[in-house]
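What follows is a set of notes on a single structure, which appears directly below.
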Amino acid sequence: MAAIIPAMLLAGCAAGGSGTQAMKGAASPATPTEDMMSPPEETPTETDATDTASPGAAEPRQAVEGFFNALKSGNLDQVAGAFADDAVVAVDGQATAEGTDAIRTLFQGKLNEMKQATHTIEEDRTLGTEDAVVTATSKQGQANLRELFLLSKDGEQWKISHYMNNQAG
């Protein structure tokens, strides 16, 4: 491999006339296309326990809202159901939980303190057709938290595959 790369560089430079021109062409950034443009930012919204969104909803934002509503209602089955079977959860100050059983145990010990929390979804963005990212902030007691959700499609439903939070600086 070490012998092939220098030979390819020499061939590329020779083919392009001057060595610098061949390299410039190879390193030029692509012209932005509509597919590369970021979607407009969503307006932050605070979730309400009366919302009807359920975990695993049809849209990433609805799946996260359903998770927040399940926390507020204290429904551990719905909390755990918002996550993919192999999800990973890293909550500030707690050991990382991997898989449904560990996630259930983690949230079982935290449900009472999370019932009074307020949550605001800051942004949601799909990444292709099968993945999405949602960012949020929460206020739990005296703690202000930043939250990051990675979601993946499970059939027609969005499930949280990775969740982490930490205290806002």
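Note that the UniProt record's numbering numbers the sequence shown so that position 122 is 122, with each residue one more than the last.
A virtual CB, placed ideally from N, CA and C, is assigned to each residue, including glycine.
Every value quoted in this text rests on a predicted model; they were computed, and no experiment measured them.
Range of the contiguous alpha helix (DSSP H) that encloses residue i
i	result
Gln116	No alpha helix (DSSP H) contains Gln116, which DSSP labels as neither H nor E.
Limits of the beta strand (DSSP E) - the one that residue i falls within
i	result
Gln142	Careful: Gln142 lies outside any beta strand (DSSP E) and carries neither H nor E.
Residue i versus the options, residue with shortest Cα-Cα distance
i	options	result
Ala63	Asp77, Leu76, Phe83	Phe83
Thr100	Val79, Lys115, Ser138, Met114	Val79
Val89	Gln140, Leu151, Asp124	Leu151
Glu123	Arg146, Lys115, Ala102	Arg146
Arg125	Leu148, Asn144, Lys115, Thr137	Leu148
Cβ-Cβ separation, residue j to residue i (assumed contact under 8 Å), whole Å
i	j	result
Gln140	Glu113	6 Å
Leu76	Leu127	Rounded, the Cβ-Cβ distance is 29 Å, inconsistent with contact.
Ile160	Phe67	6 Å
Asn144	Thr135	Contact flag wrong, Cβ pair sits at about 14 Å.
**Message:** With three or more C-beta pairs closer than 8 Å as the rule, is the segment 58-78 touching the segment 111-128?
**Reply:** yes
Quiz item: At what residue ranges does the UniProt domain "SnoaL-like" (64-135) contain a whole run of the alpha helix (DSSP H), taking only runs of 4 or more?
Solution: Listed in chain order, the alpha helix (DSSP H) runs fully inside the UniProt domain "SnoaL-like" (64-135) are 76-81, 100-108, 111-114, counting runs of at least 4 residues.
Note to self: Does the segment 89-97 come into contact with the segment 159-168, if we say contact requires no fewer than three beta-carbon pairs (one atom in each stretch) closer than 8 Å?
What the structure shows: yes
Discussion item. I'd like to know if the segment 120-134 and the segment 95-107 are in contact, where contact means that at least 3 CB-CB pairs between them fall below 8 Å.
Written reply: Counting Cβ pairs under 8 Å, fewer than three are found: no touch.
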